[in-house]
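Colleague: Before I ask anything, let me first share the structure, which is written out below as structure tokens.
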Amino acid sequence: MERYSKVGMQELDQRLSKIVEAARKKPVSVYRYGAPWVWIVSQDDWQGALKEVSSYIPAGHSLVLLRPQIDEVFEQHHDLLQAEPGMLIAPRTVVQILLLQLLYSVPSEQQLHEQLNYNLLFRWFVGLDLNQKVWGIHVLQRDIDSLLSNPRAVQLIQTIIGEVFCGALLHMPEFSLNFALLHTWLARHSQLSTTRN
């Protein structure tokens with residue numbers, strides 16, 4: 002049994018009120034020139050669709066499969082994640098954003114910000130709903146910089162990559178891990194400790 006109805010343009014013109022009423026019970030697909038053109042859905046169906054980003058993410062996707070291991074590392078090292086003064090984004094969320102940048106080799110924070118706006122996988126991974134607005138680019142850049150200035154947070158990122166992803170990368174070709182970027186973040190702190198000594 003189909004989960005939606007189909008109507009043509011002529012029928013839509015003739016029976017609009019009845020079709021709109023039918024759409025309260027199940028979505029109606031309107032066809033134009035024999036091809037799907039527009040959907041009529043109830044407010045409840047539309048709101049429901051907007052709430053669940055996870056419903057758009059395939060259950061077998063590598064990030065979904067690895068998520069429990071990532072969460073476990075976060076739980077084991079939660080003491081490493083403390084908000085720096087002035088941060089508006091939760092430190093854990095910033096780490097998740099940086100993991101995405103590393104795993105998908107996103108070349109810049111500007112492009113990372115764009116991906117968070119329209120990439121459903123990225124939104125799901127960092128905990129954004131479909132109708133939730135992404136932080137402004139300046140807030141994102143400032144909070145990323147604040148987090149990366151904390152050597153313990155950078156160490157946590159390295160731990161997650163080492164414990165969760167390094168063994169899986171050969172079997173999961175969708176990831177193209179940017180090791181150079183991770184080494185840049187780590188080197189920033191090793192230079193600071195060398196300078197202090």
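If you use this note's numbering, the sequence shown corresponds to residues 2 to 198, in order. Even glycine gets a Cβ: it sits at the ideal position worked out from N, Cα and C.
I need the straight-line Cα distance from Ala188 to Val29, nearest angstrom please.
Modeller: 57 Å
Colleague: So, Ile138 versus His114, is the Cβ gap smaller than 7 Å?
Modeller: yes
Colleague: I want to know whether the stretch 37-46 touches the stretch 55-72 - three or more CB-CB distances under 8 Å.
Modeller: No: fewer than three Cβ pairs fall under 8 Å.
Colleague: Only counting the same chain, and skipping five residues up and downstream in sequence, which positions put a Cβ closer than 6 Å to that of Val21?
Modeller: none
Colleague: Does Ser18 pass the burial test, meaning 16 or more other C-beta atoms within 10 Å, or should it be called exposed?
Modeller: exposed
Colleague: If we ignore side chains and look at the alpha-carbon of each, how far apart do Leu148 and Asn120 end up?
Modeller: 23 Å
Colleague: Quick one: what's Gly61 bridged to in DSSP?
Modeller: Answer is none; Gly61 lacks a bridge partner.
Colleague: CA-CA distance, Leu157 and Lys27?
Modeller: 47 Å
Colleague: Using a Cβ-Cβ cutoff of less than 6 Å, which residues in the same chain neighbour Asn222 once the five nearest sequence positions on both sides are dropped?
Modeller: Nothing can be reported for residue 222: it is not among the residues displayed for the chain, which extend from 2 to 198.
Colleague: Could you check if Asp72 is buried or exposed, using at least 16 other CB atoms within 10 Å of its CB as the buried criterion?
Modeller: exposed
Colleague: Looking at Val155: is its Cβ nearer than 7 Å to the Cβ of Trp186?
Modeller: Their beta carbons are under 7 Å apart, which means Val155 touches Trp186 by this criterion.
Colleague: Considering just the uninterrupted stretch of the beta strand (DSSP E) at Lys19, what are its terminal residues?
Modeller: Here Lys19 belongs to no beta strand (DSSP E); instead the alpha helix (DSSP H) covers Leu17 to Ala24.
Colleague: If you draw a straight line from the C-alpha of Trp40 to the C-alpha of Ser56, how long is it?
Modeller: 19 Å
Colleague: Counting along the chain, where does the beta strand (DSSP E) carrying Ser6 start and finish?
Modeller: Ser6 to Gly9
Colleague: Do you know offhand how far Ile161's Cα is from Phe123's?
Modeller: Whole-angstrom Cα-Cα distance: 17 Å.
Colleague: Can you pull the DSSP bridge partners for Ala40?
Modeller: Per the sequence shown, the amino acid found at residue 40 is Trp instead of Ala. According to DSSP, Trp40 bridges with Ser30.
Colleague: Mind checking whether Pro92 and Leu101 have CB atoms under 7 Å apart?
Modeller: no
Colleague: By DSSP, does His78 sit in helix, in strand, or in coil?
Modeller: coil
Colleague: Under a Cβ-count criterion, where at least 16 other Cβ atoms within 10 Å of its own Cβ denotes burial, should Gln97 be classed as buried or exposed?
Modeller: buried
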